[in-house]
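Enquirer: Counting with the working numbering, you get residues 12 to 257 for the letters of the sequence shown.
C-beta atoms are modelled at their ideal positions from N, C-alpha and C, and glycine is treated no differently.
Sharing a structure, written as structure tokens. Questions coming.
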Amino acid sequence: SFSSCSAAIPRSAKRYTVSTSLCRGGGGVGYPRLGCFGSRSLGGNAGCKPKLAISGRHLLRDGYSPSSMGVRGVSRPCTITPITINEQLLQPLRLELDPNVQMVKYQEKEQIKTLNNKFASFIDKVRFLEQQNKVLETKWSFLQGQQHCKNNVMPMLEAYIGNLKKQLEALGCNRAQLETDLKAAQQVLESNKKMYKDECSQCTCTESEFIALKKDADCFFLNKAELQAKVESLKEEVEFLRMFYE
Numbered sequence: 012s013f014s015s016c017s018a019a020i021p022r023s024a025k026r027y028t029v030s031t032s033l034c035r036g037g038g039g040v041g042y043p044r045l046g047c048f049g050s051r052s053l054g055g056n057a058g059c060k061p062k063l064a065i066s067g068r069h070l071l072r073d074g075y076s077p078s079s080m081g082v083r084g085v086s087r088p089c090t091i092t093p094i095t096i097n098e099q100l101l102q103p104l105r106l107e108l109d110p111n112v113q114m115v116k117y118q119e120k121e122q123i124k125t126l127n128n129k130f131a132s133f134i135d136k137v138r139f140l141e142q143q144n145k146v147l148e149t150k151w152s153f154l155q156g157q158q159h160c161k162n163n164v165m166p167m168l169e170a171y172i173g174n175l176k177k178q179l180e181a182l183g184c185n186r187a188q189l190e191t192d193l194k195a196a197q198q199v200l201e202s203n204k205k206m207y208k209d210e211c212s213q214c215t216c217t218e219s220e221f222i223a224l225k226k227d228a229d230c231f232f233l234n235k236a237e238l239q240a241k242v243e244s245l246k247e248e249v250e251f252l253r254m255f256y257e
């Protein structure tokens, strides 16, 4: 098998034909158990460097030659098998990160953030509930103390209620007397109303009489004034006649 990392091939050649020498009888002199040429035999096996034939007028840069391998002679003839290299294997590898992996990592980070936020909110809720529990405990203890106070106050309240009931009974007795007094006062009020109405009617009558008398008096004063005027005129006439006849 042959991989893209097994040999350094010039990039200017469009197509290369690589051949390996297969040693049928176990290699050459000094290499009794060399089986065949593989994808890792060029750089990894320093003791066995087989021949490599490349078409396109280019040689390998590693400098392999029959003289450099230290092989002085070949025990048996070797056959060359042609191998064609795929050009796609010569393209540089894309070692970029998969966007899906980045998306998954981002989603995991966001999920961790949301979970941390939820956990923090849960902790806050627990603290708030603990505070409410303490408040309720204080209220409960305060209410229990108030119940003890109520138990001590109940006899005082019962005595006060009994006193109020006695006062209510006394007021009930006074109420009957006050009702009789009220009825008498109402009767007096009714009689006074009747008297007031009578007085009002009499007042209207007297006012009408006063108005009539006032009119009569006015007429009398007018007549008196006329009579006085006549008397004065007669006196003047008498004086004139007396002076004339004397």
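What three-state label does DSSP hand I94 in the structure shown?
Expert: In this structure, I94 counts as strand in the three-state DSSP scheme.
Enquirer: In angstroms with no decimal places, state the Cα-to-Cα distance between N174 and E190.
Expert: Approximately 24 Å, taken between the alpha carbons.
Enquirer: What separation, rounded to the nearest whole angstrom, lies between the Cα atoms of L200 and D209?
Expert: Those two C-alpha atoms are separated by around 14 Å.
Enquirer: Can you give the Cα-Cα distance for N163 and N128, rounded to whole angstroms?
Expert: Approximately 53 Å, taken between the alpha carbons.
Enquirer: Helix or strand or just coil, what does DSSP make of E201?
Expert: If DSSP states are grouped into helix, strand and coil, E201 belongs with the helices.
Enquirer: Give the straight-line distance between the Cα atoms of V8 and T90, rounded to the nearest whole angstrom.
Expert: Since the first residue of the chain shown is 12 and the last is 257, residue 8 is not available in this structure.
Enquirer: Helix or strand or just coil, what does DSSP make of E257?
Expert: E257: coil per DSSP, three-state reduction.
Enquirer: Is the shortest distance between the beta-carbon of C214 and the beta-carbons of chain C less than 8 Å?
Expert: Looking at the structure shown, chain C is missing, and only one protein chain is on hand.
Enquirer: How would you call R51, buried or exposed, if buried means at least 16 neighbouring beta carbons within 10 angstroms?
Expert: At R51, the pLDDT of 40 sits below 50, so the modelled position is not reliable; the number obtained from the coordinates is stated separately. R51 is exposed by the Cβ-count criterion.
Enquirer: Can you name, in chain order, every residue of its own chain whose Cβ lies under 8 Å from the Cβ of M206, other than the five neighbours on each side?
Expert: Answer for M206: no residue qualifies.
Enquirer: Would you kindly work out how many angstroms separate the C-alpha atoms of Q197 and G156, rounded to a whole number?
Expert: So the alpha carbons of these two residues sit roughly 57 Å apart.
Enquirer: Compute the Euclidean distance between the alpha carbons of T125 and I134, then round it to the nearest angstrom.
Expert: Distance between the alpha carbons of T125 and I134 is about 14 Å.
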